[in-house]
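Residue 512 in the numbering used here sits at position 42 of the sequence shown, with consecutive numbering throughout. Virtual Cβ for every residue (Gly too), placed ideally from N, Cα, C. None of these values were measured; they are calculated from a predicted model.
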Amino acid sequence: MNSSAAATKIRVLIVDDSITSRRLHQRIIESDPGFEVAGMANDGQTALKMIRELRPDVVSMDIHMPVMDGIEATLLIMQQEPVPILIVSSLYNDSEKELAVRAMAAGAVYIMPKPNGPGHENYGRSSALYLRMLRNMAGVKVVRRKSAAPKAIPRTEKMSPTEVSHTKAFGDEFRKIVVIGASAGGPEALRSVLGGIPESFPFPILVVQHIHEQFTDTYCKWLDTHTALKVCIAEKDQKMSAGTVYIAPGGTHLELKSRTSLTLTSGEAHKGHRPSVSVLFESAERTFGSNTVAVMLSGMGRDGADEMIALKRAGALTLVQNEESCLVFGMPGSVVSKGGATLVLPPELIAGKLNELK
């Protein structure tokens with residue numbers, strides 16, 4: 471192979487304390503001529519040193535490791551030597567899945583289960599997904615993270631959706647709706663936004679976050695510990711309540727059905743995504759029009775960008791996360807570059823604008 475062809479290869483650093491897993495990941499990566507293994511590390515501390523020396527395009531990171539685990543390593547890497555990180559871990563219970571979500575909040579671009587080994591019926595499919603995610607991550611421009619660590623909101627007894635709706639609904643219908651789209655870097659940004667909103671918020675909030683469907687429930691529970699609002703997984707034909715955040719389930723589109731209810735649909739993936747921010751935003755324009763408040767947080771690609779621009783043209787308030795606070799400015803940048811943002815703000819100030827809604 472000539473040097474120019476070799477230079478186009480995606481260089482992957484594998485970080486895993488299991489030699490079996492390292493060899494499996496190496497085998498999968500080297501099966502594709504578009505990749506090469508830049509190096510392998512068995513703990514986070516070694517990985518940080520190797521990133522400085524090898525400058526890989528993407529890091530494949532386990533969570534449970536000696537010396538320094540994947541969460542601490544992700545946090546330090548994103549503060550000191552930012553590079554796209556794909557969390558790849560064996561996750562069998564809720565506590566382990568929560569660790570993966572915390573890794574995303576620390577700056578990992580995406581999380582997924584480890585691919586199955588040769589001989590397993592899902593080996594081909596899981597290996598293809600692993601390579602696809604590495605390829606997608608390698609082209610992402612990530613931003614250096616600040617050292618501040620997120621703190622959980624003190625837990626208080628939250629009002630039930632019924633109690634909330636009785637105190638906050640405007641007649642039978644809501645006058646406004648808040649819809650939020652997020653992808654890579656979204657968990658921490660959304661935590662910051664929702665953490666700044668009080669329980670008395672008078673409208674429902676619908677969220678599409680690109681995340682592997684195995685982690686949606688854990689992600690929802692994690693968010694619920696960081697806000698005074700009630701956070702739940704959206705259900706088909708569900709009546710909405712004020713002060714409640716509805717998260718799109720993995721593999722299903724979330725849409726507004728009316729000014730009182732939402733629904734889930736199993737249509738085709740929209741531009742590669744299901745759930746899709748585009749589908750949610752389009753339903754908001756159709757149902758609430760200029761009374762929509764749309765928020766675009768950190769994420770790669772341009773899911774929802776065209777629909778957010780259309781919402782602004784329809785008179786809706788569109789709030790976009792600023793580049794300085796984004797892990798990935800892809801989705802927000804696509805909106806800003808086309809003039810689709812009413813305001814461009816960091817997450818905490820987006821929360822402040824939402825708190826002004828009446």
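**Prompt:** Can you find a CB in chain C that lies within less than 8 Å of the CB of arginine 756?
**Reply:** Although the question refers to chain C, the structure presented lacks it and comprises just one protein chain.
> Taking C-beta to C-beta, are arginine 492 and methionine 510 nearer than 8 Å?
Replying inline: By one-based count along the sequence shown, residue 492 stands at place 22. By one-based count along the sequence shown, residue 510 stands at place 40. Cβ distance < 8 Å, so arginine 492 and methionine 510 count as in contact.
With distances taken Cα to Cα, identify the nearest neighbour of lysine 741 among Gly759, Glu777 and Met710. The residue given as residue 741 occupies position 271 in the sequence shown. Closest by C-alpha distance to lysine 741, out of Gly759, Glu777 and Met710, is Glu777.
task: Starting from glutamine 679, follow the beta strand (DSSP E) in both directions and report where the run begins and ends.
output: Sequence index remark: in the sequence shown, residue 679 carries index 209 (1-based). Boundaries of the beta strand (DSSP E) harbouring glutamine 679: 675-679, taken from the DSSP string.
Cβ shell of methionine 574 (< 6 Å), same chain only, five flanking positions each side left out: Within the sequence shown, residue 574 is the residue found at index 104, counting from 1. So the qualifying residues of the chain are Ile581 and Pro657.
*What does a CB cutoff of less than 6 Å around valine 528 pick up in its chain, not counting 5 residues either side in sequence?*
Position 58 of the sequence shown, counted from the first residue, corresponds to residue 528. Non-local beta-carbon contacts of valine 528 in its own chain, meaning distances under 6 Å to residues more than five positions away in sequence, involve Val482, Pro554, Leu604, Met607 and Ala608 in chain order.
| What separation, rounded to the nearest whole angstrom, lies between the Cα atoms of valine 701 and glycine 803? | On the sequence shown, residue 701 is found 231 positions in, with the first residue counted as 1. On the sequence shown, residue 803 is found 333 positions in, with the first residue counted as 1. The straight-line gap from Cα to Cα measures roughly 27 Å.
task = Would you kindly check if the distance between the Cβ of glycine 651 and the Cβ of phenylalanine 751 is under 8 Å?
result = Numbered from its first residue, the sequence shown carries residue 751 at position 281. Numbered from its first residue, the sequence shown carries residue 651 at position 181. Yes, the pair counts as a contact, with Cβ atoms nearer than the cut-off.
Three or more C-beta pairs below 8 Å linking the stretch 781-791 and the stretch 809-824: Yes, they touch.
Exercise. Using the C-alpha atoms, what's the distance from proline 817 back to asparagine 761?
Worked result: Here residue 761 refers to the residue found at position 291 of the sequence shown. Here residue 817 refers to the residue found at position 347 of the sequence shown. The straight-line gap from Cα to Cα measures roughly 21 Å.
Tell me which residues share the same chain as lysine 828 and place their Cβ nearer than 7 Å to its Cβ, disregarding the 5 neighbours each side in the sequence. Within the sequence shown, numbered from 1, the residue matching residue 828 stands at position 358. Within its own chain, no residue has a Cβ closer than 7 Å to the Cβ of lysine 828 once the five positions on either side in sequence are excluded.
Exercise. Go through its chain and collect everything with a Cβ distance to glutamate 633's Cβ below 6 Å, but skip five positions before and after it.
Key: As a working note, residue 633 is residue 163 in the sequence shown. Any reading at glutamate 633 must be qualified, since the residue scores a pLDDT of 45, below 50, and its modelled position is unreliable; no value is offered.
Margin query: Helix, strand or coil for isoleucine 820? Go by DSSP, reduced to three states.
Written below: Numbered from 1 along the sequence shown, position 350 holds the residue referred to as residue 820. Looking at isoleucine 820 - three-state DSSP - the assignment turns out to be helix.
Which residue comes first and which comes last in the alpha helix (DSSP H) that contains proline 802?
On the sequence shown, residue 802 is found 332 positions in, with the first residue counted as 1. Start and end: 800-806.
Q: Could you check the C-alpha separation between leucine 676 and isoleucine 489 for me, to the nearest Å?
A: Reading the sequence shown from its first residue, position 206 is the one you call residue 676. Reading the sequence shown from its first residue, position 19 is the one you call residue 489. The C-alpha of leucine 676 lies about 42 Å from the C-alpha of isoleucine 489.
Closest Cα partner of lysine 611 within the set Ala764, Pro583, Gly769 and Ser807
Taking the first residue of the sequence shown as position 1, residue 611 is located at position 141. Cα-wise, what sits closest to lysine 611 is Gly769.
- Query: Where are the beta strand (DSSP E) runs, 3 residues long or more, that stay fully inside the stretch 533-573, in chain order?
  - Reply: Runs of beta strand (DSSP E) with 3 or more residues, each lying fully within the stretch 533-573, are found at 555-559, listed in chain order.
**Prompt:** At what residues does the alpha helix (DSSP H) containing histidine 495 begin and finish?
**Reply:** Here residue 495 refers to the residue found at position 25 when the sequence shown is read from its first residue. Membership of histidine 495 in the alpha helix (DSSP H) is indicated by the continuous run 489-500.
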